[in-house]
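Novice: Just so you know, the sequence shown maps onto residues -7 to 181 in the working numbering.
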Amino acid sequence: MPKIINSSARLRNFYVVLKFLPKKYNIQQHIARGKHIQQLNIRNQQEKPKSQVLLTANIPLTKLNIPIVRNFLHKHTKQIIPDESTLRKNYIDQCYTNTIIKIRDYVRNKNIWVSIDETTDVEGRYVANVIIGTLEVNNPGKIFLLNSEVLEKANHSTISKLFDRSLFILWPEGVLYDNVLLFVSEAAP
-7 MPKIINSSAR
3 LRNFYVVLKF
13 LPKKYNIQQH
23 IARGKHIQQL
33 NIRNQQEKPK
43 SQVLLTANIP
53 LTKLNIPIVR
63 NFLHKHTKQI
73 IPDESTLRKN
83 YIDQCYTNTI
93 IKIRDYVRNK
103 NIWVSIDETT
113 DVEGRYVANV
123 IIGTLEVNNP
133 GKIFLLNSEV
143 LEKANHSTIS
153 KLFDRSLFIL
163 WPEGVLYDNV
173 LLFVSEAAP
(Lines of atoms letter the chains of each structure in order from A and count residues from 1; the text may use other names and numbers.)
(Lines give C-alpha, C1' and ligand atoms only; values in the text may rest on other atoms or scores of the structure.)
Protein backbone atom coordinates (compact mmCIF):
# COMPACT_ATOMS: atom_id res chain seq x y z
CA MET A 1 0.00 0.00 0.00
CA PRO A 2 1.41 3.46 -0.94
CA LYS A 3 2.68 5.72 1.82
CA ILE A 4 0.44 8.74 2.42
CA ILE A 5 2.19 11.96 3.37
CA ASN A 6 0.13 14.71 4.89
CA SER A 7 0.25 18.14 3.29
CA SER A 8 2.17 19.84 6.10
CA ALA A 9 5.05 17.34 5.72
CA ARG A 10 5.12 18.03 1.98
CA LEU A 11 5.24 21.77 2.56
CA ARG A 12 8.07 21.35 5.08
CA ASN A 13 10.09 19.30 2.57
CA PHE A 14 9.36 21.84 -0.18
CA TYR A 15 10.48 24.71 2.08
CA VAL A 16 13.75 22.92 2.87
CA VAL A 17 14.47 22.57 -0.87
CA LEU A 18 13.56 26.20 -1.61
CA LYS A 19 15.68 27.47 1.27
CA PHE A 20 18.88 26.26 -0.38
CA LEU A 21 18.11 27.33 -3.96
CA PRO A 22 19.99 30.46 -5.09
CA LYS A 23 17.97 33.65 -5.02
CA LYS A 24 17.34 35.59 -8.23
CA TYR A 25 19.41 38.58 -7.11
CA ASN A 26 22.36 36.28 -6.27
CA ILE A 27 22.32 34.97 -9.83
CA GLN A 28 21.99 38.48 -11.25
CA GLN A 29 24.93 39.68 -9.15
CA HIS A 30 27.03 36.74 -10.31
CA ILE A 31 26.23 37.37 -13.97
CA ALA A 32 27.04 41.09 -13.65
CA ARG A 33 30.50 40.45 -12.16
CA GLY A 34 33.43 41.41 -14.32
CA LYS A 35 35.07 38.01 -13.93
CA HIS A 36 31.94 36.24 -15.22
CA ILE A 37 31.69 38.58 -18.20
CA GLN A 38 35.42 38.10 -18.93
CA GLN A 39 35.03 34.30 -18.88
CA LEU A 40 32.03 34.53 -21.24
CA ASN A 41 34.05 36.67 -23.66
CA ILE A 42 36.94 34.17 -23.57
CA ARG A 43 34.54 31.28 -24.20
CA ASN A 44 32.88 33.15 -27.08
CA GLN A 45 36.27 33.83 -28.68
CA GLN A 46 37.16 30.13 -28.42
CA GLU A 47 33.86 28.64 -29.61
CA LYS A 48 33.06 30.97 -32.52
CA PRO A 49 36.02 29.79 -34.67
CA LYS A 50 35.04 26.14 -34.06
CA SER A 51 31.56 26.64 -35.42
CA GLN A 52 32.86 28.78 -38.28
CA VAL A 53 35.36 26.10 -39.32
CA LEU A 54 32.70 23.37 -39.29
CA LEU A 55 30.22 25.47 -41.26
CA THR A 56 32.80 26.64 -43.80
CA ALA A 57 33.86 23.04 -44.44
CA ASN A 58 30.19 21.96 -44.79
CA ILE A 59 30.49 19.68 -41.77
CA PRO A 60 27.11 19.40 -40.00
CA LEU A 61 27.24 20.49 -36.37
CA THR A 62 25.45 17.28 -35.43
CA LYS A 63 28.78 15.49 -36.03
CA LEU A 64 29.87 16.93 -32.67
CA ASN A 65 27.45 14.49 -31.01
CA ILE A 66 29.51 11.53 -32.22
CA PRO A 67 31.76 10.47 -29.31
CA ILE A 68 34.78 9.65 -31.52
CA VAL A 69 34.67 13.10 -33.16
CA ARG A 70 34.18 14.82 -29.82
CA ASN A 71 37.10 12.93 -28.23
CA PHE A 72 39.35 13.59 -31.23
CA LEU A 73 38.66 17.33 -31.15
CA HIS A 74 39.09 17.49 -27.38
CA LYS A 75 42.39 15.58 -27.54
CA HIS A 76 43.91 17.74 -30.29
CA THR A 77 42.56 21.15 -29.29
CA LYS A 78 42.87 20.63 -25.51
CA GLN A 79 39.61 22.54 -25.12
CA ILE A 80 36.11 21.65 -24.05
CA ILE A 81 33.98 20.92 -27.11
CA PRO A 82 30.57 22.60 -26.80
CA ASP A 83 27.38 20.81 -27.64
CA GLU A 84 26.06 21.33 -31.17
CA SER A 85 22.90 22.96 -29.80
CA THR A 86 25.04 25.54 -27.97
CA LEU A 87 26.86 26.41 -31.19
CA ARG A 88 23.59 26.51 -33.10
CA LYS A 89 21.92 28.84 -30.57
CA ASN A 90 24.83 31.18 -29.97
CA TYR A 91 27.06 31.28 -33.04
CA ILE A 92 25.17 30.39 -36.23
CA ASP A 93 23.54 33.82 -36.45
CA GLN A 94 26.92 35.52 -36.06
CA CYS A 95 28.46 33.35 -38.78
CA TYR A 96 25.49 34.06 -41.09
CA THR A 97 25.73 37.81 -40.49
CA ASN A 98 29.49 37.82 -41.12
CA THR A 99 29.02 35.86 -44.35
CA ILE A 100 26.29 38.21 -45.62
CA ILE A 101 28.51 41.21 -44.83
CA LYS A 102 31.38 39.64 -46.82
CA ILE A 103 29.04 39.02 -49.77
CA ARG A 104 27.74 42.60 -49.63
CA ASP A 105 31.28 43.99 -49.54
CA TYR A 106 32.36 41.89 -52.52
CA VAL A 107 29.28 42.68 -54.61
CA ARG A 108 29.31 46.42 -53.80
CA ASN A 109 29.32 48.53 -57.00
CA LYS A 110 29.40 45.43 -59.26
CA ASN A 111 26.89 44.10 -61.74
CA ILE A 112 25.49 40.71 -60.84
CA TRP A 113 23.48 37.81 -62.21
CA VAL A 114 20.83 35.96 -60.20
CA SER A 115 19.66 32.39 -60.58
CA ILE A 116 16.79 30.80 -58.64
CA ASP A 117 16.37 27.05 -58.74
CA GLU A 118 13.63 25.19 -56.95
CA THR A 119 13.38 21.54 -56.05
CA THR A 120 11.44 19.30 -53.71
CA ASP A 121 13.04 17.66 -50.72
CA VAL A 122 12.43 14.17 -49.33
CA GLU A 123 9.35 15.33 -47.44
CA GLY A 124 7.79 16.95 -50.52
CA ARG A 125 8.49 20.59 -49.54
CA TYR A 126 9.43 23.10 -52.22
CA VAL A 127 12.91 24.47 -51.56
CA ALA A 128 14.33 27.34 -53.61
CA ASN A 129 17.97 28.42 -53.70
CA VAL A 130 19.07 31.89 -54.78
CA ILE A 131 22.54 32.00 -56.29
CA ILE A 132 24.22 35.22 -57.32
CA GLY A 133 27.45 35.91 -59.16
CA THR A 134 29.40 38.96 -60.14
CA LEU A 135 29.86 39.92 -63.78
CA GLU A 136 33.48 40.92 -64.27
CA VAL A 137 35.31 41.95 -67.43
CA ASN A 138 38.68 40.16 -67.40
CA ASN A 139 38.07 37.17 -65.16
CA PRO A 140 35.25 34.91 -64.07
CA GLY A 141 33.09 36.37 -61.36
CA LYS A 142 32.64 34.97 -57.90
CA ILE A 143 29.50 32.92 -57.09
CA PHE A 144 27.57 32.96 -53.79
CA LEU A 145 24.59 31.11 -52.35
CA LEU A 146 22.63 34.10 -51.08
CA ASN A 147 19.40 32.56 -49.79
CA SER A 148 17.58 29.28 -49.40
CA GLU A 149 13.90 29.13 -48.49
CA VAL A 150 11.04 26.67 -48.22
CA LEU A 151 8.11 27.84 -50.38
CA GLU A 152 4.40 27.07 -50.17
CA LYS A 153 4.32 26.47 -53.94
CA ALA A 154 6.85 26.70 -56.71
CA ASN A 155 5.35 29.11 -59.23
CA HIS A 156 6.17 32.49 -60.79
CA SER A 157 4.51 34.42 -57.95
CA THR A 158 6.46 32.80 -55.10
CA ILE A 159 9.69 32.95 -57.12
CA SER A 160 9.30 36.69 -57.79
CA LYS A 161 8.65 37.34 -54.09
CA LEU A 162 11.73 35.27 -53.21
CA PHE A 163 13.72 37.30 -55.75
CA ASP A 164 12.72 40.55 -54.01
CA ARG A 165 13.38 39.19 -50.50
CA SER A 166 16.80 37.90 -51.54
CA LEU A 167 17.85 41.16 -53.13
CA PHE A 168 16.72 42.95 -49.99
CA ILE A 169 19.11 40.69 -48.02
CA LEU A 170 21.89 41.79 -50.37
CA TRP A 171 20.96 45.49 -50.35
CA PRO A 172 18.94 46.23 -47.18
CA GLU A 173 19.17 50.01 -47.65
CA GLY A 174 17.49 49.78 -51.06
CA VAL A 175 17.54 47.20 -53.82
CA LEU A 176 19.75 48.17 -56.77
CA TYR A 177 17.75 46.61 -59.60
CA ASP A 178 19.99 48.33 -62.17
CA ASN A 179 22.92 46.22 -60.98
CA VAL A 180 21.10 42.96 -61.80
CA LEU A 181 21.86 42.36 -65.47
CA LEU A 182 20.72 38.74 -65.77
CA PHE A 183 18.05 36.68 -64.03
CA VAL A 184 17.69 32.95 -64.73
CA SER A 185 14.84 30.79 -63.42
CA GLU A 186 12.77 27.95 -64.79
CA ALA A 187 9.67 29.10 -62.86
CA ALA A 188 9.06 32.31 -64.79
CA PRO A 189 5.93 32.24 -67.01
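For every residue, glycine included, the Cβ atom is placed at its ideal position computed from N, Cα and C.
Computed from a predicted structure; not experimentally measured.
Quick one: grab the DSSP three-state call for Val106.
Specialist: Val106: strand per DSSP, three-state reduction.
Novice: Name the two residues that bound the continuous beta strand (DSSP E) containing Glu141.
Specialist: Its beta strand (DSSP E) spans residues Ile135 to Leu143.
Novice: Return the first residue and the last residue of the beta strand (DSSP E) that Val122 is part of.
Specialist: Where Val122 is concerned, the enclosing beta strand (DSSP E) stretches over Tyr118 to Thr126.
Novice: Since Val172 contacts Val119 with CB under 8 Å, what's their CB separation in whole angstroms?
Specialist: Not really, about 22 Å apart at Cβ, beyond 8 Å.
Novice: Taking the Cβ atom as the reference point for each residue, do Leu127 and Ile161 lie within a distance shorter than 8 Å?
Specialist: Not a contact, by the Cβ cut-off of 8 Å.
Novice: Hey, Phe136 and Ile95: beta-carbon distance below 8 Å or not?
Specialist: Their beta carbons are under 8 Å apart, which means Phe136 touches Ile95 by this criterion.
Novice: DSSP on Leu168, reduced to helix/strand/coil?
Specialist: Reduced to three states, the DSSP call for Leu168 is coil.
Novice: Please work out which residues of its chain come closer than 8 Å, Cβ to Cβ, to Asp85, disregarding the five sequence neighbours upstream and downstream, and give them in chain order.
Specialist: So no residue of the chain qualifies.
Novice: Relative to the C-alpha of Val45, which candidate in Arg157, His68 and Cys87 has its C-alpha closest?
Specialist: It is Cys87.
Novice: In angstroms with no decimal places, state the Cα-to-Cα distance between Ile60 and Thr48.
Specialist: The alpha-carbon atoms of Ile60 and Thr48 are separated by roughly 21 Å.
Novice: Under 8 Å Cβ to Cβ from Ser140, same chain only, skipping five residues before and after it: list those, please.
Specialist: Cβ neighbours of Ser140 beyond the five flanking positions: Val119, Ala120, Asn121 and Val122.
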